[in-house]
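**Q**
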Amino acid sequence: MRVLISGYYGFGNVGDEAVLQSMVQGLRRVDPSIEITVLSVVPQLTKELNQVNAIHRFDWKKIFFTMLRTDVFVSGGGTLLQNATSTRSFLYYIGLILLAKFMRKRVVIFAQGFGPLKGIFSRTLARMVLNRVDLITLRDRVSYREIARLGVRKPKIYVTADPSLILKTP
Numbered sequence: 001m002r003v004l005i006s007g008y009y010g011f012g013n014v015g016d017e018a019v020l021q022s023m024v025q026g027l028r029r030v031d032p033s034i035e036i037t038v039l040s041v042v043p044q045l046t047k048e049l050n051q052v053n054a055i056h057r058f059d060w061k062k063i064f065f066t067m068l069r070t071d072v073f074v075s076g077g078g079t080l081l082q083n084a085t086s087t088r089s090f091l092y093y094i095g096l097i098l099l100a101k102f103m104r105k106r107v108v109i110f111a112q113g114f115g116p117l118k119g120i121f122s123r124t125l126a127r128m129v130l131n132r133v134d135l136i137t138l139r140d141r142v143s144y145r146e147i148a149r150l151g152v153r154k155p156k157i158y159v160t161a162d163p164s165l166i167l168k169t170p
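Heads up: the sequence shown at position 90 corresponds to 90 in full-length UniProt numbering, and the numbers run straight through without jumps.
1) Counting only the same chain and skipping the five closest in sequence on each side, list residues whose C-beta sits under 6 Å from that of T79.
2) When the Cα atoms are used, what is the spatial distance from Q44 to Q25?
3) Beta-carbon separation of N83 and L138 under 8 Å?
4) Which word fits G12, buried or exposed, when buried means at least 16 other C-beta atoms lie within 10 angstroms of its C-beta?
5) Which complete alpha helix (DSSP H) runs does the segment 53-117 hold, if anything under 4 residues is left out?
6) My assumption, with CB atoms under 8 Å, is that L39 sits in contact with I94. Please give the rounded CB distance.
7) I36 lies in the beta strand (DSSP E); which residues open and close that run?
8) For K47, which residues from the same chain have a beta carbon less than 7 Å from its beta carbon, with the 5 sequence-adjacent residues on both sides left out?
9) Check each candidate in D162, G119, M1 and name the one with the smallest Cα separation from S143.
10) Roughly how many whole angstroms lie between the Cα atoms of N50 and F90?
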């Protein structure tokens with residue numbers, strides 16, 4: 001199986017890097033032969049730290065061809081789907097999900113916080129896209145209430161713990 005993971009990786013945020021390590025560990029426990037590729041701002045560092053394939057988060061040509069070969073796209077960890085800090089960031093992450101769905105890939109929103117999401121355009125776009133993903137897990141009840149208020153109904157939504165809490169250290 002091939003998995004492509006997006007998130008706020010390579011920026012030096014300890015929490016986000018712990019989430020990624022935990023995801024990689026969990027995926028490898030389930031399938032030791034899994035092929036994992038991570039989108040990162042510093043691909044070489046992400047590759048070395050996690051023993052994964054990594055490509056630059058803005059190398060759209062590589063993202064496109066990697067997405068073609070992937071089985072599951074994971075939008076994972078952190079609070080990615082929000083526009084309080086940046087509308088551009090929200091559009092980046094929602095755009096990756098749209099690309100995956102356009103290519104008929106399974107999409108998992110994994111252990112994310114959600115919101116705040118302001119403005120009718122962003123809220124409508126998020127509702128349309130998230131109602132088409134395959135699985136949503138959220139890391140807190142506040143995010144669950146916010147996503148329910150948004151009108152996301154199709155995939156079953158689960159509340160889970162932040163994956164960094166189950167990180168196995170060497």
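By construction, the Cβ of each residue, glycine as well, lies at the ideal position given by its N, Cα and C atoms.
**A** From the atom records:
1) G113
2) 19 Å
3) no
4) exposed
5) 60-69, 87-102
6) That pair is no contact at about 14 Å.
7) 35-40
8) N53, A54
9) D162
10) 25 Å
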